[in-house]
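Residue numbers (the numbering used here), protein chains in the order written: chain A, 1 to 189; chain B, 1001 to 1189. One structure is given below, encoded as structure tokens.
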DNA sequence: CCAATCTGAGACAATAATGTCTCACAGAGA
DNA sequence: TCTCTGTGAGACATTATTGTCTCAGATTGG
């Protein structure tokens, strides 16, 4: 028996490649009849909305894991090592999510529903606060807009997903690679 | 009168937001009747294919501008400054393309047609050679896979597009910001 | 003014997708 | 064996999309 989770995973995987995939295609991609797919999700919109919700849930959990409140405290006390560890943890979770959940942060079904969009904005704000704290603590450079850091992280996540997809980077190296590229860049050591 | 170029630009802009946009939507997005849209592009596939071709043309032109052959030569002679300038030029062109053309590098209509996919692969290889030369010349770190550098650049282009879209970075600062983030990272200066 | 050209609106048939439904059937458990 | 639940296949009406076509009106250029 195919679980709802498996259907969602298959759907996301497939929608990443072909955003126009129909319910019939999504059903067979999940190894399930079209009727069964409709038993899990009344409509295509419902499926997309659930996919968006799951993505935001993961994102939120990753932010929780980074524990922004304690980061704020650490920023005040200048505990750079603590903040670096938080960032590392958060990145690792982002990467893990993009692993087994696909990668839906900016995908189209996120920007379609207002409630998802609002939630997404709120999470962006939370994450931005974290980067701002990191800047104050001297962990991240403060000569660039704080929000740029968030975009750069997102971009590196895209890079990580693509690199794994193409087999250009081993999964076990990915966390360190992303963190190192983010902090140190690609210039000579 | 609306030119084919304007139609393509509008279509790309719209498809970036909603990949499922119908011909009717694309037509009105371009401020044009549906019949007129079909006069420019016989089918939806034809439109998508043209969009993909244009993207690859731009990409190729940017690679040409970076003049990889001379980069190869510079790598051998260790002319780091020359290579850095090539990278800078190429990035600037990439960013300019994402400006007025949208941003279609990995979009779905690229991966659908075999000829576009093959061309894309060839361009990836060319670009990879450039990064490899940069690594040999000591302009880019050589402790990471060469292909990772390409993915990282692409990710930063995504970041740049999003940052501009959200108004988080001024356009005039973008080139330097992307270059600096790529080479130096986001860690403290 | 006039002709040639291009346009948008919309009719049209063909096709694809959606959502609902029924039904036969397989497997699990009593 | 006998339910019982869930499944896949597929029929079905509805709607959306596609691609083609015609036609009246606007624009352009002579």
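By construction, the Cβ of each residue, glycine as well, lies at the ideal position given by its N, Cα and C atoms.
Asked	Found
Taking Cβ to Cβ, would you say residue 1168 of chain B is nearer than 8 Å to residue 59 of chain A?	no
Can you confirm whether residue 1185 of chain B, when its beta carbon is compared against all beta carbons of chain A, has any partner nearer than 8 Å?	yes
Return helix, strand or coil for residue 141 of chain A, following the three-state DSSP convention.	coil
Show which residues of chain B have a CB atom less than 9 Å away from the CB atom of residue 49 of chain A.	Here the premise fails: no neighbours, minimum Cβ distance about 15 Å.
Within the 8 Å Cβ cut-off, does residue 1163 of chain B reach chain A?	yes
Would you identify the three-state DSSP class for residue 94 of chain A, choosing helix, strand or coil?	helix
Going by DSSP in three states, residue 1041 of chain B sits in which element: helix, strand or coil?	coil
With a cut-off of 8 Å, does the C-beta of residue 1148 of chain B fall near any C-beta of chain A?	yes
Grouping DSSP H, G and I as helix and E and B as strand, with all else coil, what is residue 114 of chain A?	helix
Where residue 8 of chain A and residue 1020 of chain B are concerned, what is the direct C-alpha to C-alpha distance, given to the nearest angstrom?	19 Å
May I have the straight-line CA-CA distance separating residue 1033 of chain B from residue 1061 of chain B, to the nearest angstrom?	32 Å
What separation, rounded to the nearest whole angstrom, lies between the Cα atoms of residue 132 of chain A and residue 1013 of chain B?	31 Å
Under a CB-based cut-off of 8 Å, is residue 1125 of chain B close to chain A?	no
Restricting to Cα atoms, I'd like to know which of B:1152, B:1151, B:1174, B:1150 is closest to residue 1161 of chain B.	B:1174
Using the C-alpha atoms, what's the distance from residue 89 of chain A back to residue 178 of chain A?	12 Å
Give me the chain B residues within the contact set of residue 140 of chain A, using Cβ-Cβ distance strictly less than 8 Å, ordered along the chain.	1186, 1187, 1188
Quick check: what's the CA-CA separation for residue 10 of chain A versus residue 29 of chain A?	6 Å
Report, in whole angstroms, the separation of the C-beta atoms of residue 120 of chain A and residue 56 of chain A, which I expect to be a contact under 8 Å.	6 Å
Should residue 25 of chain A be flagged as near chain B, meaning a C-beta pair shorter than 8 Å?	no
What is the rounded straight-line gap between the Cα of residue 189 of chain A and the Cα of residue 38 of chain A?	54 Å
Using a Cβ-Cβ cut-off of 6 Å (strictly less than) and excluding sequence neighbours within five positions of residue 24 of chain A, which residues of its own chain qualify?	34
What's the gap between the Cα of residue 1183 of chain B and the Cα of residue 1135 of chain B?	12 Å
What number of angstroms, rounded off, separates the C-alpha of residue 1092 of chain B from the C-alpha of residue 1066 of chain B?	10 Å
In angstroms with no decimal places, state the Cα-to-Cα distance between residue 1053 of chain B and residue 1045 of chain B.	12 Å
Here's a check: name, in chain order, each residue in its chain whose Cβ is nearer than 7 Å to the Cβ of residue 1040 of chain B, leaving out the five neighbours to either side.	1004, 1007
Is the beta carbon of residue 124 of chain A sitting closer than 8 Å to the one on residue 1158 of chain B?	no
With distances taken between CB atoms, is the gap from residue 1156 of chain B to residue 1181 of chain B smaller than 8 Å?	yes
If you reduce the DSSP assignment to three classes, tell me which class residue 1021 of chain B lands in.	coil
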